[in-house]
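The structure under discussion appears below in the form of structure tokens.
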Amino acid sequence: MTKNNSISLLVALAFCYQVIAQQSATYTSDLVDFQKALTLYNNQQYLASQSLFATIQKTAKEDVLKSDCAYYIANCAVRLNQQNADRLVEDFVEEYPTSTKRNTAFVDVADYYFVNGKFPHALKWYAKVDEGALSRKEMEKFNFNYGYSAFSAKQNKEAKEYLGRVENSQEYGSQAKYYIGYMAYEGNDYEQANQYFEQVTDQERYKEKLSYYQADLNFKLGKFEEAIKLAKEQLPKGDQSEVSELSKIIGESYFNLNEYAAAIPYLKAYKGKNGKWNNVDFYQLGYAHYKQGDYDSAISEFNKIVGGNDATAQNAYYHLGESYIKLNKKQEALNAFRNASQMTFDLKIQEDAWLNYAKISYEIGNPYQSAPQVLAEYLNKYPKTIYREEIETLLIDSYITSKNYKEAIKLLEGKNSFENKVALQKVAFYRGLEVYNEGNYLEAKSLFDRSLKEPRDNNYTARATFWKAETDYNLTNYDEALVGFKQFAQQSSASSTSENTNIDYNLAYTYFKLKNYPQASQYFNQFINKRKDDKVRLNDAYLRLGDTYFVSSNYNDAAKAYENAIKLNEIESDYPFFQKAISAGYGGNDSKKISELEQFISKYPNSKLRDDAMYELGNSYVKANQTEKAMTMYNRLNDEYRMSSFVPKSLLRQGLVYYNGSNNEQALTKFKKVATDYSGTPEAVQAVSTARLIYIDMGRVDEYAAWAKTLDFVNVTDADLDNATYEAAEKQYLDNNTDKAIKQFNGYLAQFPNGIHALQAHFYVAQMYYKQGLTDNAAPHYKFVAEASRSEFTEEALARLSQHYLEAKNWNAAIPLLKRLETEANLPQNVVFAQSNLMKAQYQLEKYTDAISYAEKVLENSKIDNKIKSDAHVIIARSAIKMNDEMKAKAAFAKVEEVATGETAAEALYYNAYFKNKEGKFEASNTAVQRLAKDFSGYKYYSAKGLVLMAKNFYALKDAFQATYILESVIQNFPEFDDVVSEAKTELSKIKAEEAKTNSSVQPQGN
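Each residue of the sequence shown is one higher than the one before, counting from 1 in full-length UniProt numbering.
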């Protein structure tokens, strides 16, 4: 070897040694850093440790070192909750599949999550562990940790499997048994739970919890005495939540042992789940109070069970009903029994509830359906009931007591027993009275006939006979009315009826309408002699008696009758005073007539008869040759009463006075005024006829002909034909040949539309159509009369035509006619008719101030009957409600309640309840609603509104069951009343939302 080769070799060896030395130094340095990093890791300085491991991993050449760094970097990421931690562990496993730390990585990560209570994360990593690579000691820990993680994540199947592997372990056995027992407890496997719990009772750490679970287990196993013992032992040691649950166990155990007094304080101590009780909780406490006879407390718990629909709820509602009965709260009991009767969980309770529901419906009425309907349904549902005879008796009686006669008739149809026939006779009669009072006379007559077809009870046969006659009278069937009144008077049972009191009065009036004045005066006298106590009818009888004598030309007796009416001073005495004066004149005492008419004009300045008196006084002056006084009186009449039907008569009389005094020009002036201003009236026809004579006398026939052509109701050449055609029609009218008369009058009007007698023809044909019920046919004829010049027919035409428009609800057409009638009518009853219907029409048009004004006008008349008074108060009340003047409405409805019948009375009673509710008088309000249900059940709209009001009252009285049950019933039973159902839904939603705050069984509306 040369020297140079030797040098080269030495250099090469030196270089290799240097490289090896450098590598060894680097490795040694990495190991030192690795130890530093591991120390940081063990000191839980994971971020610094992770950073150093990452640096080492970058420079490390050894796979083992790199693998270990990757392991610790991932472990640090787990402990630092870094987002990529799981990914780093998975990357480590994939990159270093042969690493000895692979299984350890899974266990370490899983154990970390386990220790930190992140059991779902722990489960994920325990599932990756290779169990075969674990030592026996590691295996026990693994099985327990895996099992507990599964237990905590509610994966009971896996939990039981892994915990079962260590249930005999010295270290983990007690814990495993406890958790296995707990899972059995949660799964309602109480026997297994008890078996496991008994094996760990000596473990102090579980003792406290086990006492509760074992108490609950014994309760659920029906070992109530043991449950009470264990729970009471634990009670002083428990926290607030445990005390609540233990109290529930003790309370329910005593409850199941029928030791209700002992149960009550513990049931009360229960705080509920999340601060809420459920329906079962309320039921148990309520029933415990019920069994102790503390019905108030029972009710206060039972009525918190809202919307229940299970066996517990049915039982609760049944005992709630019984509790109400014990306290004589029958309306509340009705709802409770009704609810229980609609559930089928316990058929015996259902039947008993049905029976109670039916009986209470009979006693107090039923707002949902009529009492007869409830009783009949009970018998249909339980035909073999031992109470059948009792309920059948109540059913028959209920047809009358329920006062829902319309529905009762439907229920009685086709029932052939004697008792049902008797009931049908009565309900048909009472329904007839209802319809009669509503003014529907044709239907009323049909119902009275129906009652008379079942003549089972003589008393009702007599009464139906009377009211059928009264209905015929109102239908102007006077001949039939007379027969009916006579039949009534001849019946032996008539004397015991209230109707018999005034039978002479009714007969007298019927004879009067038939123009049989001798018979009319006989019966009026009989009534007067018997009924001195009834001042109003007595006054009227004297007036009509005077009229019968008057039309019979018995003027002295007429004057005496009128004088007696004046002495009674029951109503305005202007009519009898006027008639007495007229009677004096017809009796030949003209001076007395003049004197009394002069007194009349002075004494009665506001009388509707004052224009009559002026006209009669003017005529009497003429007869006494006091023409100057006569002309003065006629002028006064014409000036003061421009719209009076006596003005054309007065002008005509003045013309005749001038004519008789040979003052032809002045006479013509008056006659022409009558013909022009009162075209078509009988006075105008006479004025033209007399003017014709004057023109002939004066030789100015051409002037007459020219003037007559200007008059549309006179055709000089056709006058005879006009008269003859009219007279032919009039004869048929007077002979009561109605159909022929109508045909001929229409023929006359077609031929002579502006004829001399057109006014009378229109009026008479209208009257005949009206009597036949053909008001649409009558209306245009009445319109003609009403729009013509003022005549003796105007007043009745206005009344009939306005009535036609009212019936058609054409308020705008009716109002002008009614206003005319109010100012132009001579008959007081027509003034009342006008004012009472003006108030109604103005109300319908939402002119509430005007409606109240007219109603107050009506009430100023002290002699109107109760029906009109009631209508006036109702209009005031309803208008006040619309105007939000509740004080005025309350006062008005109170007046209505005193005099109203039928639907109006139902409305008034509803508002009675309404205002009591507003005043916070909830029980009094409910009493009014109960009356509404019992006495006016046929008027469903107010029944439904009353129920909503009752629900509000009950909720204010803290009775949630009654409130919600009633509202749900309204929604179910009254769908035809949208406004009521809408209000019920709103109230129900509010109540359920409130109750859901304390009762977990209640779902807020809409959930």
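Yeah, the Cβ is synthetic: ideal placement off N, Cα and C, and Gly gets one too.
Just so we're clear, the structure is a prediction, and the values are computed from it rather than from any experiment.
Determine which residues share a DSSP beta bridge with residue i and list them.
i: K276; result: K273
i: N999; result: W277
Identify, in the order they occur along the chain, each residue of the same chain with its Cβ nearer than 7 Å to the Cβ of residue i, setting aside the five sequence neighbours on each side.
i: Y17; result: For Y17, the predicted structure reports a pLDDT of 45, less than 50, and the residue's modelled location is therefore unreliable. A value from the coordinates is still provided. Counting only Cβ-Cβ distances below 7 Å, and skipping sequence neighbours, we find nothing.
i: A153; result: F119, P120 and L123
i: N917; result: S925, L949, K952 and N953
i: A855; result: M839, A872, I875 and I876
i: M1; result: Since pLDDT at M1 reaches only 46, below the 50 mark, its modelled position is unreliable, and no value is offered.
i: A900; result: S870 and A908
i: A864; result: For clarity, residue 864 is Ile in the given sequence; the question names Ala instead. Cβ within range, chain order: V832 and V858.
i: N861; result: V832
i: Q276; result: According to the sequence as given, residue 276 is Lys; it is not Gln. Only T998, N999 and S1000 meet the Cβ criterion.
i: Y770; result: A778 and R800
i: W707; result: none
Report all residues from its chain with a CB closer than 6 Å to the CB of residue i; omit the five preceding and five following residues, and keep chain order.
i: A825; result: E795 and V831
i: L475; result: Y441
i: E598; result: none
i: S573; result: I566
i: D557; result: Y549
i: A21; result: At A21 the pLDDT is 44, less than 50, meaning the model places this residue with poor confidence; the figure from the coordinates comes in the next sentence. Answer for A21: no residue qualifies.
i: K705; result: Per the sequence shown, residue 705 should be read as Ala rather than Lys. Answer for A705: no residue qualifies.
i: A996; result: V1002 and P1004
i: L967; result: A951, A984, E987 and L988
i: V685; result: I756
Do residue i and residue j have their C-beta atoms within less than 8 Å of each other?
i: E987; j: V948; result: yes
i: A933; j: N339; result: no
i: D108; j: N145; result: no
i: F92; j: I56; result: no
i: Y378; j: D352; result: no
i: V427; j: I400; result: yes
i: F646; j: G680; result: no
i: A70; j: E95; result: yes
i: N279; j: I299; result: no
i: D504; j: F488; result: no
i: K406; j: R388; result: no
i: S253; j: F224; result: yes
i: S370; j: N335; result: no
i: D611; j: Y641; result: yes
i: S323; j: Y362; result: no
i: Y939; j: E976; result: no
i: A74; j: L52; result: no
i: D457; j: Q425; result: yes
i: residue 1008; j: G321; result: Since the first residue of the chain shown is 1 and the last is 1007, residue 1008 is not available in this structure.
Sorted by chain position, which residues of the same chain lie with C-beta nearer than 8 Å to residue i's C-beta, five sequence neighbours on each side aside?
i: L568; result: K535, L538, N539 and Y542
i: F255; result: A263, L267, Q284, Y287 and A288
i: E886; result: A880, F915 and K918
Using a C-beta cutoff of 8 Å, does residue i count as contacting chain C?
i: L412; result: Of the protein chains in this structure there is only one, and it is not chain C.
Within the chosen definition, does the stretch 313-324 reach the stretch 342-360 through at least 3 CB pairs nearer than 8 Å? Yes, the stretch 313-324 is in contact with the stretch 342-360.
Is the stretch 560-572 touching the stretch 589-599, taking contact as three or more C-beta pairs under 8 Å? With a cut-off of 8 Å, the stretch 589-599 and the stretch 560-572 do not count as touching, because too few Cβ pairs lie within range.
Is the stretch 576-588 close to the stretch 600-618, with three or more CB pairs under 8 Å? Under the 8 Å Cβ criterion, the stretch 576-588 counts as touching the stretch 600-618, having at least three qualifying pairs.
Starting from the N-terminal side, write out each stretch of the alpha helix (DSSP H) that is 4 residues or longer and does not extend beyond the stretch 844-886. Entirely contained in the stretch 844-886, the alpha helix (DSSP H) runs reaching 4 residues are, in chain order, 848-859 and 866-882.
Can you check the stretch 69-154 for any beta strand (DSSP E) of at least 3 residues that lies completely inside it and give the ranges in chain order? Complete beta strand (DSSP E) runs here, min 3: none at all.
As an exercise, report each continuous alpha helix (DSSP H) stretch of at least 4 residues that is fully enclosed by the stretch 227-259, in chain order. Here the runs fully enclosed are 240-256.
To test your reading of the DSSP string, which unbroken beta strand (DSSP E) runs of 3 or more residues are found completely within the stretch 778-824? If only complete runs of 3 or more residues are kept, the stretch 778-824 shows no beta strand (DSSP E) anywhere.
Looking at C-beta atoms only, is the number of pairs between the stretch 697-704 and the stretch 723-736 that lie closer than 8 Å three or more? At 8 Å Cβ cutoff, the stretches do not touch.
Across the stretch 803-810 and the stretch 656-667, are there enough close Cβ pairs to call them in contact, namely three or more that are closer than 8 Å? Taking one beta carbon from each stretch, the stretch 803-810 and the stretch 656-667 have fewer than 3 pairs nearer than 8 Å; the two do not touch.
Is there contact between the stretch 323-336 and the stretch 982-997, where contact requires at least three CB pairs shorter than 8 Å? Taking a cut-off of 8 Å for Cβ pairs, the stretch 323-336 and the stretch 982-997 do not touch, as fewer than three such pairs fall below it.
Three Cβ pairs or more, each shorter than 8 Å: is that satisfied between the stretch 654-662 and the stretch 834-848? No, they do not touch.
May I have a chain-ordered list of the alpha helix (DSSP H) segments no shorter than 4 residues that lie completely inside the stretch 947-982? 960-973, all fully within the stretch 947-982.
Meets three-Cβ-pair contact criterion under 8 Å: the stretch 476-488 and the stretch 501-513: Cβ pair count under 8 Å is three or more, so yes.
Quick test of the definition: if touching needs 3 or more C-beta pairs under 8 Å, does the stretch 124-143 touch the stretch 157-172? Judged by Cβ distances under 8 Å, the stretch 124-143 makes contact with the stretch 157-172, as three or more pairs qualify.
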